[in-house]
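What follows is a single structure, written as structure tokens, with notes after it.
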Amino acid sequence: MDSGLFRTTPSGRAGLLFALFAFFVLPAVVGGQWLKIFTSTGCFVLAISGVAFMYARLGMVSLTQVGLMGVGGWVVLRLNHAFDLPFELNFLAAGVITSGFGMILALPALRLRGLYLALVTLMAAGGFEIIFGTFQFPNGGEGFWGVKSSFSAEFRRPAIAQSDEAYMRYTIFVCALGILLIEFHRRLAPGRAWALIKRSEAAAMSAGVNVTLYKTWAFGIAGLLAGISGALLAGSLGLLSGSTFRASESIMVFALAIVGGVNYWLGAIVAATLFRILPALLNDWGLDADLSFVIFGAGLLHAVIYAPNGIAGQLMELGSVVGNKIEPVFGRLRIQNSAAKEKTELSASIEISDVSVHFGGVVALDNISASFTKQVSGIIGPNGAGKTTLMNVFSGFVSPEGGSVGIDGQILTELAPHKRGHWGLRRSFQFEEIADDLTVFDNVLAQLDGMGLNPSQNASDVAHALDIVGMSEHSWRPAVELNNFERRLTDVAKCLVGSPKVIMFDEPAAGLSSEETDKLGELILSIDKHTGAKTLVIDHDVDLIAKICEETLVLDFGERIAFGKTSEILSDPKVRAAYLGVEES
Amino acid sequence: MRNLKHLNWMIYLIAMVAIVLFLGSGKPIKIVGLFFVSGLAIGSLYALGGIGIVVLYRATGVLNFANGAAGAAGVMLAWQFADWGIWGPFTWLVAIFVALIISLVYGRLIAPLLAWREPVVKAVATLGFALIILGIVSFIWEDDPRKFALPSDKIGVYILGLRVTVTRLIAFAASICIVIGIYFYLYHTKVGLQMRSLANDRDLSALLGIPILKVETIAWGISGVIAGFTGLMFGDLIRLEPFVITFMVIPSIAAAVCGRLDNLILVLIGGLSMGVIESLLTLSQVFKGVRPIAPFVIAAVVLLWYQRGRRLTFSGTD
Amino acid sequence: MSLTINDLTVLIATKPVVKDVSLSVAPGKVTAIIGANGAGKSELVLAAAGMLHVSKGFVHVDGQDITNEKPEAIRHAGVAAVPEGHRILPNLSVDDNLRAAGSMLATGLVETLDKTYTIFPELAKRKSQIAGTLSGGQQQMVALSHALVSQPKYVLLDEMSLGLAPLIVKRLMGVAKDMATAGTGIILIEQFTELALDLADYVCVLNDGEMHFSGVPSLLQSHPEILKEAYFGS
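Residue numbers (the numbering used here), protein chains in the order written: chain P, 4 to 588; chain B, 413 to 730; chain Y, 327 to 560.
Spelled out as structure tokens, the structure:
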């Protein structure tokens with residue numbers, strides 16, 4: 004396990020070297036006001052890496068990071084002036100409390116996405132700005148708000164970092180820790196869960212990911228980073244004012260995170276440098292610091308239009324420091340012990356009883372009943388017949404008005420959607436839901452996270468599944484490089500891990516050539532041998548269904564028009580009529 | 413369905429009346445009225461900004477953060493011309509014209525490069541444009557207390573015994589007129605119909621033979637003109653500072669959010685309510701300090717209210 | 327005089343979904359394209375209408391090259407496409423839907439609206455109803471009216487029957503037939519072969535993006551195995 008967690012990549016080594024340089028050399032060569040400027044740059048590196056990871060890993064736009072920094076700063080100042088605690092304690096409290104604020108912000112994020120989420124966080128940033136502007140930062144006074152005008156009490160720095168120079172080193176150290184924290188998350192279960200959520204929440208949920216938990220967790224981490232960065236800033240300046248934490252700065256910080264490049268540690272550093280050092284340099288050269296806005300803006304437009312990986316991406320490409328930006332988590336040694344697992348014994352049938360679903364006035368499924376007893380069964384019907392709706396009833400994305408779906412004594416419709424994965428339900432979607440940000444291996448592994456199983460056993464389980472589908476040699480490739488068929492096979496592998504009981508494929512052959520479809524058909528037929536799970540296949544390709552499914556249910560306009568042995572079904576005049584539009588005579 | 417709609421309006425009305433009564437209780441009616449009217453004026457500006465944003469968003473899919481910056485550029489130039497002693501009305505036209513050009517430049521040159529990206533990315537890109545304008549404007553006009561005054565500031569009208577400057581009346585009347593005007597334009601002209609059709613389904617509109625580029629350009633133009641006018645008013649009624657006017661786009665977006673980025677009437681009502689509540693908060697000892705927070709709180713609550721009952725966000729939906 | 331599609335190839339992410347397909351339709355004639363789902367029928371329509379990029383081949387209308395033109399230019403050239411899935415402007419009223427579709431006409435909007443409402447009296451009764459609240463069949467009527475109001479020379483109809491009750495499908499097919507009789511050239515895409523064969527003067531069977539068969543409908547009716555192969559595989 005740890006061999007993967009602590010694996011270093013070229014980009015990571017470059018980052019460590021840079022951190023060492025910044026820690027040992029930089030504070031020694033700069034002086035005067037530049038010490039403070041570099042320290043505040045460090046604080047913003049932390050805060051920016053928080054927004055950057057939210058955008059890169061989850062695709063969520065948070066425009067309130069600077070507001071959260073203000074929360075951290077406020078807490079650390081209040082604690083500093085009210086109690087005689089060491090800096091470290093105040094500092095941690097600031098981080099934890101701000102993290103809590105971050106999680107509260109996550110509440111709207113559970114329902115909102117994209118533009119609206121960005122707007123809600125922007126509203127929050129506007130709110131923070133005004134509260135800070137009104138109530139001021141405590142500078143030693145009495146009471147909760149602790150404001151005393153024209154007075155500034157002493158601010159205690161950490162015992163080991165009293166001087167400006169030492170404090171700058173302290174900041175750089177914390178910065179490095181923060182970036183490592185994000186990186187560790189990315190390499191572990193949360194990173195896999197985030198990648199799935201970014202791709203599609205429905206797919207994540209059917210893979211057993213607790214979407215609510217992981218979204219909140221991401222906001223918590225971004226909040227934590229903002230909080231400690233605000234606290235560090237307070238330690239550097241000793242005094243904070245409301246105008247430091249304006250809503251517009253939050254927007255700017257997000258914009259610069261994009262300019263820098265959200266996928267790399269270097270991106271956050273480039274962004275913070277632009278934000279803090281560039282204006283200072285312009286001032287030094289006797290130019291108006293407002294010109295930096297023009298540079299930010301032009302950089303942002305350039306990044307959004309031409310450089311999706313930002314300046315850092317371009318620099319990394321130039322130096323070719325980075326090979327694949329997606330690194331495998333486990334070492335290759337891990338998969339040597341690829342072992343077959345015992346099969347699930349499942350003798351009972353899949354029982355669909357009287358399932359009805361209406362959307363508005365439209366009947367999507369009308370009292371459908373069927374009992375699948377064979378190992379591989381099919382569901383066919385023309386477009387709009389209700390096939391996918393039936394599958395969504397299995398997954399729990401659609402609640403039926405009546406009826407139930409049960410297997411092996413378990414009424415599936417009574418379980419929460421993400422728990423059905425733990426129970427043993429697997430599904431693929433019409434468009435394969437493979438997270439581009441993960442390797443093939445991690446994509447499959449994500450299915451097992453949260454089942455509370457032994458990690459090394461998980462790894463061998465995944466390796467075995469990849470063996471079955473014939474993707475072992477591609478295990479460490481990032482999914483973004485895969486072709487359509489390889490993605491499809493990875494999707495199948497996801498369905499095979501962790502003792503599946505029922506596997507559903509929604510149009511698995513869509514977009515595949517006939518040769519690939521044949522291979523996929525054989526693979527699906529072999530599922531029983533490897534896992535003992537029952538398989539349901541939905542497809543338009545009647546040819547595929549005829550080859551692999553013993554039993555088939557035919558739907559048309561939400562009604563069951565036939566059910567039984569596939570060969571008999573296909574010669575049923577009613578089925579032919581539904582498909583070909585032949586009227587019965 | 414219909415009953416539910418009425419219920420929502422009832423809830424809104426009751427909430428507004430309760431807030432006004434709560435904040436105004438114990439204060440002389442005249443004072444409350446004064447703050448109410450001044451709130452309507454500020455609220456009109458939020459609403460105006462929001463309307464420009466919504467018209468553009470609907471027709472082009474771009475949420476334009478640069479509207480405020482375009483207005484700021486316009487009003488700063490107008491101030492400069494006025495400072496040189498140029499005839500007032502000409503300077504006002506210059507302000508609107510500058511905002512129009514800025515909006516069209518973005519719409520024709522930059523927006524097409526991003527046409528296929530998701531709404532968030534498009535919005536972020538306009539932010540970049542806003543920063544460029546802001547940087548140039550604040551470079552040209554360095555920090556300095558300035559005052560931009562319309563002649564209408566000096567004229568007062570007495571309504572129910574309250575003196576109201578004509579500028580405030582203009583802001584209020586303009587917001588109502590622009591909503592009516594745009595409503596008329598959208599529902600009674602050919603291009604308006606095409607704009608609504610574009611807002612509904614872009615691809616299908618293209619198939620129906622609607623000239624997408626032309627309609628979008630018109631939408632950029634309308635939003636530019638509104639941005640210019642709003643900038644003038646902000647400059648007069650709030651403060652003549654590029655930074656402040658640029659980021660007045662945030663409460664404008666809050667007003668737009670109240671209308672679900674769609675319904676102009678709701679944007680107007682949302683903007684006006686924000687202005688009134690914000691202004692009346694001044695009367696409260698407790699909330700006086702945080703009164704500018706009102707738009708954000710209102711918008712956040714409205715946004716969550718709209719989203720109630722939704723459980724999952726499937727990929728691709730906003 | 328014809329709408330001619332020649333050697334058309336359409337790629338979606340480097341994968342050909344339509345491969346070297348050629349077909350044409352003359353004014354007043356109906357060419358049907360049938361084939362299983364995913365055969366590339368819809369992509370063919372979208373490419374001809376300017377919504378997908380044509381990688382190879384060309385589309386001519388009465389001798390004028392409209393390959394990869396803007397959709398609105400193609401519409402002006404007299405080719406209207408009705409995409410599948412009864413696509414309408416859901417938040418607009420029925421009347422606005424039709425007016426939006428007719429907004430490209432320089433003159434004669436009132437007459438053509440009247441004509442369309444005579445064809446679909448159901449819609450005339452619901453002029454002010456919001457189109458998204460119509461039933462599926464009525465929505466498909468609106469979609470078809472989108473093409474009718476613009477008085478095209480050629481129409482591409484994609485899967486009109488999708489998810490509709492047989493009675494309504496018959497009604498819509500009747501309208502398509504009348505359009506052809508009035509001189510419009512129609513390319514009709516259908517998954518219900520029987521319907522298509524009844525109406526068509528010429529029929530093409532697509533399979534996996536390629537032309538599997540083309541000829542007169544009677545040939546297909548007398549050799550049902552060709553169809554079976556295209557739908558159920560060999």
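Built from N, CA and C at the ideal position, the CB exists for glycine as well.
Along the chain, where does the alpha helix (DSSP H) containing residue i start, and where does it finish?
i	result
M488 of chain B	479 to 495
F222 of chain P	214 to 240
G103 of chain P	90 to 112
E354 of chain P	From DSSP, E354 of chain P is part of no alpha helix (DSSP H) but of the beta strand (DSSP E) over 353 to 362.
D422 of chain Y	420 to 428
P704 of chain B	Taken as a continuous stretch (DSSP letters only), P704 of chain B belongs to no alpha helix (DSSP H), as it is neither H nor E.
Beta strand (DSSP E) containing residue i: first to last residue?
i	result
A407 of chain Y	405 to 408
N332 of chain Y	329 to 338
G381 of chain P	379 to 383
V380 of chain Y	First-last for V380 of chain Y: undefined, no H or E at that position.
R430 of chain P	428 to 431
T451 of chain Y	Here the sequence assigns Lys to residue 451 of chain Y, which means Thr is not the residue at that position. Looking at the DSSP string, K451 of chain Y is not in any beta strand (DSSP E), and its letter there is neither H nor E.
V123 of chain P	Counting along the chain, V123 of chain P falls outside any beta strand (DSSP E), though it belongs to the alpha helix (DSSP H) covering 117 to 138.
S407 of chain P	405 to 410
Run through chain B and tell me which residues come within less than 9 Å of residue i, C-beta to C-beta.
i	result
R413 of chain Y	D613, D615, L616, L619
D422 of chain Y	Y599, L605, R608, S609
S476 of chain Y	L620, G621
In its own chain, which residues sit with a C-beta less than 6 Å from the C-beta of residue i, not counting the 5 before and 5 after it?
i	result
T503 of chain B	A490, F493, A494
L2 of chain P	It is not possible to answer for residue 2 of chain P, since the shown part of chain P is limited to 4 through 588.
L475 of chain B	Y469, A535
L451 of chain P	N461, V500, G501
M645 of chain B	L457, A583
F508 of chain P	S431, V540
Since residue i and residue j are thought to touch, with beta carbons under 8 Å apart, how far apart are those beta carbons, to the nearest angstrom?
i	j	result
A271 of chain P	I51 of chain P	4 Å
G300 of chain P	L543 of chain B	3 Å
V212 of chain P	A59 of chain P	The pair is not a contact, with the Cβ atoms about 18 Å apart (cut-off 8 Å).
L470 of chain Y	S609 of chain B	That belief does not hold up - the Cβ atoms of L470 of chain Y and S609 of chain B are roughly 17 Å apart, past 8 Å.
G389 of chain P	G561 of chain P	4 Å
I513 of chain Y	V351 of chain Y	5 Å
T569 of chain P	A549 of chain P	6 Å
M63 of chain P	A128 of chain P	The pair is not a contact, with the Cβ atoms about 15 Å apart (cut-off 8 Å).
Quick one: residues in its chain with C-beta nearer than 7 Å to the C-beta of residue i, no 5 flanking neighbours on either side, listed in chain order?
i	result
S43 of chain P	L236, S239, R279
F94 of chain P	V79, I231, A234
G636 of chain B	A482, A511, L512, I514, S515, L516
Q378 of chain P	D531, K537, T538
V545 of chain P	I383, L573
I329 of chain P	The predicted position of I329 of chain P is uncertain, since its pLDDT is 47 and thus under 50; a value taken from the coordinates is nonetheless stated next. D440, L441, T442, P481, listed in sequence order.
List the residues of chain P that residue i touches, going by C-beta distances under 8 Å, in chain order.
i	result
P531 of chain B	G117, L118
Could you list which residues in chain P have their beta carbon closer than 7 Å to that of residue i, in chain order?
i	result
I662 of chain B	L125, G129, A250
A639 of chain B	The contacting residues do not exist; A639 of chain B stays about 17 Å from chain P at best.
In chain order, what residues of the same chain lie with their CB nearer than 8 Å to the CB of residue i, ignoring the 5 residues before and after it?
i	result
Q455 of chain Y	S419, V420
V472 of chain P	L492, T493, V495, A496, L499, L526
Residues of chain B with CB under 8 Å from residue i, in chain order?
i	result
P416 of chain Y	N612, D613
V297 of chain P	L543, I544, G547, I548, F551
Can you name the residues of chain B whose CB is closer than 7 Å to the CB of residue i?
i	result
S429 of chain Y	K602, L605, Q606, I622
Could you tell me which chain P residues have their CB closer than 9 Å to the CB of residue i, listed as they occur along the chain?
i	result
I522 of chain B	L304, I308
Segments assigned alpha helix (DSSP H), at least 4 residues, entirely inside the stretch 479 to 560 of chain Y: Listed in chain order, they are 492 to 507, 519 to 525, 543 to 548, 550 to 558.
Segments of 3+ residues assigned as beta strand (DSSP E) that fall wholly inside the stretch 535 to 567 of chain P: 537 to 541, 554 to 559
Every unbroken alpha helix (DSSP H) within the stretch 158 to 193 of chain P, with a cutoff of 4 residues, ordered by chain: Those alpha helix (DSSP H) runs which fall completely within the stretch 158 to 193 of chain P and span 4+ residues are 167 to 190.
Inside the stretch 650 to 681 of chain B only - beta strand (DSSP E) runs reaching at least 3 residues: none
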